[in-house]
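One structure is given below, encoded as structure tokens.
Number of protein chains: 2
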Amino acid sequence: MSAKKQRSRLSDVAQLAGVSPATASLVLNKRVTGNVRIPPETQERVFAAAAKLGYVANPVAQSLAKGRNGLLGVFTFEAIFPITQRDFYYPFLVGIESAAETLGYDLLLFTSASTGDGRRRIYRNGQNRLRLADGAILLGIEDSKDELRALVEEGYPFVFVGRRELPGAELSYTAADYAGATAALIDRIYNAGHRRIAYIGVDQHTESALDRRRGYQEGLLHNGLTFDEELMCLVPDARFDQTAMQKLLELGVTAVVVEIGPIISAVLNACKEMALDVPGDMSLGVLGNPFGDMEDMSYFSGFSIPREEMGAQAVHLLIRMLNENSFHGPQRVVLPCTPVTGSTIAAPRSRA
Amino acid sequence: MSAKKQRSRLSDVAQLAGVSPATASLVLNKRVTGNVRIPPETQERVFAAAAKLGYVANPVAQSLAKGRNGLLGVFTFEAIFPITQRDFYYPFLVGIESAAETLGYDLLLFTSASTGDGRRRIYRNGQNRLRLADGAILLGIEDSKDELRALVEEGYPFVFVGRRELPGAELSYTAADYAGATAALIDRIYNAGHRRIAYIGVDQHTESALDRRRGYQEGLLHNGLTFDEELMCLVPDARFDQTAMQKLLELGVTAVVVEIGPIISAVLNACKEMALDVPGDMSLGVLGNPFGDMEDMSYFSGFSIPREEMGAQAVHLLIRMLNENSFHGPQRVVLPCTPVTGSTIAAPRSRA
DNA sequence: CTGAAAGCGCTTACAG
DNA sequence: CTGAAAGCGCTTACAG
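As you go down the protein sequences, you meet chains A and B in turn.
When we follow my numbering, the leftmost residue of the first sequence carries the number 694, and every step to the right adds one.
When we follow my numbering, the leftmost residue of the second sequence carries the number 694, and every step to the right adds one.
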């Protein structure tokens, strides 16, 4: 086995071709346009020398000299390929990868930033490792607002997949229009004949949850219904049980909209245990498509989240930001969700 | 919005602390051990200066100076996050990611190398883009032997996930022991009472297919059965039909082992159409677990491929190669497969 | 104990 | 048309 060959450098090529490194660089990077004019025969010599030496530019050196390297970072606050919830990042990554491929960028996955507890950190002893890439796409549920804020303050270009708001520091993101989609779902439920529509969610206040709740209220208002605090049902964990359902029934509820996640199972279980037929006795709207769900054959009525598109748009946004010379403020894209017909919404048995 | 802040450099920190860049570098990188001795108060000043300026080292410059960058490349010959066959790379990536995380490396996904036809190339106009990373993990079905050979000749450190043989150029890989697992499966089928065991596969000659066929022959021999050319059934695409099955029955076959892929469905269909009970009339061994299959609840009897482990071991191997100063020849790891009991192997109805 | 200097391998104005 | 030079931001022997 031969020892590792000594890699040839630009200067080797230049020397062999009898030109300066500057000229070799120009030729090899095809910058011979406009004011720069190198005789074809000189160019030939450079190309021949490069070919003969098997020359390949050192991308790290190029990065340092040029100030950018064509790398797009991907940072997730949780392991990117989880074994348990394997579908979580997948659709986003499909979109990210395909956009990166189209635009000719490579992806840098930050996997080294483990904290040992399953979470990941952007800053490690003050160092922002993301800077290895020209900019980054961030994803994750358990994001750290502190780190995001530091990133914004540092002026590092990044796009979050999902709406994220930081008091006092605005960031760029691609998001799904949960509010609009939820309001539209309320419309559908209203049009099916329902007048008492409850909201069931978890006791958490992420941006996307807030959007859904806002959409719920807007949907009610829009249809001339009044928002009833008692119908807004936020439970810790997925603790929705028969008691809770009984209370809703007594309040005249004939339809519920439910956030995605384990809470859906809890609601279905409660219905089953109480012998409530879905959608006969209780219509059910789901506020997003569960992960891994094939939207075209979904049992649940609701809407699907454009996850791939969110990923792809994040890449486009980021690259646009990188190509701008000056900072134009945070960039945002809000994408519509697709209604999913499903079979869990029907007319109420008896109109209120 | 404030304009992007001017990033502070090491020299800024050094100046503010009243030391040379060299000293600042030493302190910041915690290289003050052994012969290097810097008074605590000086160190304090450096740290204070760095904190005050919000200094973050430029990883690109560090890479250039150090000669390596802590990046592990991941190159797939097909899109890494396929929409259709979404499970293909997934288990490997789980292993790769988790090993990279453990060992503190970041992953560089080469997504820019599209050829437009769904395939990807390592070399683009002579440039090996993989060199952005210190070394790379390669995966893929439709690998290009030419590119692999060029990579070996170039001395670029890489590990293939899956056995790959190149005449005249040896490469490093992690593989599953298909031969051993197949032979062991033949043992199980033999022990269930079968004496005429056919092999059904596709008309392709990948390394892993050859391994399985070799294992089949070894398994037969090992049990005192003779290899019968007629029982080796290699069909183009997944074209296994009733005619083919009929022929096997006439040859006295009571059990078949089948390569993974669409061919399994073809075999099952043929059985169904001919009203052959599995495993009553025909026992079935599957040579690997289909992608996305949960091995602990598999219907199919056979074995499962240690895909995650293959990915993780590839990372370990690669890093070992990178840390060696001299080249020690190709590194290889062959991992055992896990038997899967399943319910498609039973005693033949009538012993031959 | 710490600084000056060279070097990592490129690119990019700037001269001529 | 092309070269010499400076510079990208670090690290690492080498002196002292």
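Just so it is clear, CB atoms sit at the ideal spot from N, CA and C, and this is done for glycine as well.
Note that this is a predicted model, so its numbers are computed, not measured.
Contact check, residue i vs residue j, beta carbons under 9 angstroms
i                 : j                 : result
Ser756 (chain A)  : His887 (chain A)  : no
Asn845 (chain A)  : Glu858 (chain A)  : Asn is not the amino acid found at residue 845 (chain A); the sequence shown has Val there. It is not a contact, given that the beta carbons lie outside the stated cut-off.
Ala710 (chain B)  : Ala741 (chain B)  : yes
Ala869 (chain A)  : Gly978 (chain A)  : no
Glu835 (chain B)  : Glu771 (chain B)  : yes
Gly788 (chain B)  : Val1008 (chain B) : yes
Leu918 (chain A)  : Ala891 (chain A)  : no
Ala829 (chain B)  : Val767 (chain B)  : yes
Glu790 (chain A)  : Leu801 (chain A)  : no
Arg824 (chain A)  : Ser805 (chain A)  : no
Met1014 (chain A) : Val753 (chain A)  : no
Gly855 (chain B)  : Glu900 (chain B)  : yes
Glu1001 (chain A) : Phe785 (chain A)  : yes
Thr1031 (chain A) : Tyr992 (chain A)  : no
Ala793 (chain B)  : Leu831 (chain B)  : no
Ile893 (chain A)  : Val951 (chain A)  : yes
Cut-off 6 angstroms between Cβ atoms - residues of its own chain near residue i, not counting five sequence neighbours on either side
i                 : result
Gln1006 (chain A) : Thr867 and Val1026
Arg905 (chain B)  : Tyr871, Thr875 and Leu980
Gln910 (chain B)  : Phe920
Ala948 (chain A)  : Ile882, His887, Ile890 and Ser976
Gly763 (chain A)  : Tyr798
DSSP-derived helix/strand/coil call for residue i
i                 : result
Met967 (chain A)  : coil
Glu840 (chain A)  : helix
Tyr871 (chain A)  : helix
Leu703 (chain A)  : helix
Arg814 (chain B)  : coil
Pro972 (chain A)  : coil
Tyr909 (chain A)  : helix
Ser713 (chain B)  : coil
Ile957 (chain A)  : helix
Ala855 (chain A)  : Checking the displayed sequence, the identity of residue 855 (chain A) turns out to be Gly instead of Ala. Coil at Gly855 (chain A), not helix or strand.
Phe785 (chain B)  : helix
Gly828 (chain A)  : strand
Phe770 (chain A)  : coil
Val729 (chain A)  : coil
Ala885 (chain B)  : coil
Arg1025 (chain A) : strand
Ser865 (chain A)  : strand
Ile1012 (chain B) : helix
Ile879 (chain B)  : helix
Thr735 (chain B)  : helix
Ser991 (chain A)  : coil
Leu918 (chain A)  : coil
Thr936 (chain B)  : helix
Residues of its chain near residue i, where Cβ-Cβ distance is below 7 angstroms and the 5 sequence neighbours each way are ignored
i                 : result
Asp896 (chain B)  : Leu927, Val928 and Pro929
Pro1023 (chain B) : Glu863, Leu864 and Ser865
Val706 (chain B)  : Ala717, Val739, Ala742, Ala743, Leu746 and Tyr748
Arg1042 (chain B) : Gly973 and Asp974
Met694 (chain B)  : With a pLDDT of only 34 at Met694 (chain B), under 50, the local geometry of the prediction cannot be trusted, and the value read off the model is given with reservation. Correct list: empty, nothing qualifies.
Sequence-distant residues of its chain with Cβ nearer than 8 angstroms to residue i (five each side left out)
i                 : result
Ser701 (chain A)  : Leu746, Gly747 and Tyr748
Asp880 (chain B)  : Gly912, His915 and Asn916
Ala931 (chain B)  : Val895, Gly954, Pro955, Ile956, Ser958 and Ala959
Ala1039 (chain B) : Ala885, Pro972, Gly973 and Ser976
His898 (chain B)  : none
Leu703 (chain B)  : Pro714, Ala717, Ser718, Leu721, Tyr748 and Ala750
Arg1044 (chain B) : Residue confidence is low: Arg1044 (chain B) scores 42 on pLDDT, short of 50, so the model does not pin down where it sits. Its coordinate-derived value is still stated next. Result list for Arg1044 (chain B): Gly886 and Arg888, in chain order.
DSSP bridge partner residues for residue i (one or two, in chain order)
i                : result
Asn821 (chain A) : A:Tyr816
Glu952 (chain A) : A:Leu980
Asp799 (chain A) : A:Leu764
Val928 (chain B) : B:Val895
Ser756 (chain A) : In the DSSP output, where bridge partners are listed per residue, Ser756 (chain A) has none listed.
Phe996 (chain B) : B:Pro1032
Ile890 (chain A) : A:Ala948
Residue i CB to nearest heavy atom of the ligand MN below 8 angstroms
i                 : result
Ala1039 (chain A) : The model on display carries no ligand, and the ligand MN is accordingly not part of it.
Quick check: the segment 993 to 1007 of chain B against the segment 871 to 879 of chain B, are there 3 or more CB pairs under 8 angstroms? Yes, the segment 993 to 1007 of chain B touches the segment 871 to 879 of chain B.
When you compare the segment 732 to 741 of chain B with the segment 711 to 723 of chain B, are there three or more beta-carbon pairs, one atom per stretch, that lie closer than 8 angstroms? Counting C-beta pairs closer than 8 angstroms gives three or more between the segment 732 to 741 of chain B and the segment 711 to 723 of chain B, which meets the contact rule.
Quick test of the definition: if touching needs 3 or more C-beta pairs under 8 angstroms, does the segment 964 to 971 of chain B touch the segment 933 to 942 of chain B? Yes: the two stretches touch, three or more of their Cβ pairs being nearer than 8 angstroms.
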